[in-house]
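The structure under discussion appears below in the form of C-alpha cells.
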Amino acid sequence: MFRLTLLGITIEEYFTEEGIAHQLIRLGMIKSDIILAFQTPNARKFTE
Numbered sequence: 000m001f002r003l004t005l006l007g008i009t010i011e012e013y014f015t016e017e018g019i020a021h022q023l024i025r026l027g028m029i030k031s032d033i034i035l036a037f038q039t040p041n042a043r044k045f046t047e
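For reference, each letter of the sequence shown is one residue, going 0 to 47 in numbering that gives the first Met the number 0.
Below, the structure is given as C-alpha cells:
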C-alpha cells in the first residue's frame with residue numbers, strides 16, 4: 000500500500016517480491032522522493 004503526498008510517494012507496506020520501491024526507481028522515480036513509512040525515521044536514513 001502506498002500514497003501520494005506533496006513530498007513524494009509514501010510506501011506503508013512492502014509485501015511484493017521485487018518491492019514497489021525498486022519498480023518505481025526502475026521507472027525513473029528519484030530515490031529521495033520515496034518514503035519508507037514502515038521503517039522508523041532513524042532507520043530510513045540507512046536505506047537505499
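Where a beta carbon is used, it is the ideal one built from N, C-alpha and C, also for glycine.
Since we're looking at a predicted model, the values are computed, not measured.
Exercise for the section: Return the residue from the list Leu23, Glu11, Gly27 that minimises the CA-CA distance to leucine 35. Expected result: Taking the first residue of the sequence shown as position 1, residue 35 is located at position 36. The residue with the shortest Cα to Cα distance from leucine 35 is Glu11.
Problem - Cβ separation of alanine 20 and isoleucine 33, assumed to be a contact under 8 angstroms, to the nearest whole Å - result: Counting from one through the sequence shown, the residue named residue 20 turns up at place 21. Counting from one through the sequence shown, the residue named residue 33 turns up at place 34. That belief holds up - the Cβ atoms of alanine 20 and isoleucine 33 are roughly 5 angstroms apart, short of 8 angstroms.
Handout entry: C-beta atoms of isoleucine 8 and leucine 26 nearer than 8 angstroms
Key = Along the sequence shown, one-based indexing puts residue 8 at 9. Along the sequence shown, one-based indexing puts residue 26 at 27. No, Cβ-Cβ distance for isoleucine 8 and leucine 26 is not below 8 angstroms.
Handout entry: Reduced DSSP category for leucine 6 - H, G, I as helix; E, B as strand; rest coil
Key = For this step, residue 6 is matched to residue 7 along the sequence shown. Shown here, leucine 6 sits in coil according to DSSP, grouped into three states, outside any helix or strand.
Exercise for the section: For serine 31, I'd like the list of residues in its chain whose CB is within less than 8 angstroms of its CB, leaving aside the five on either flank, ordered along the chain. Expected result: One-based indexing of the sequence shown puts residue 31 at position 32. Excluding sequence neighbours, serine 31 sits near Gly7.
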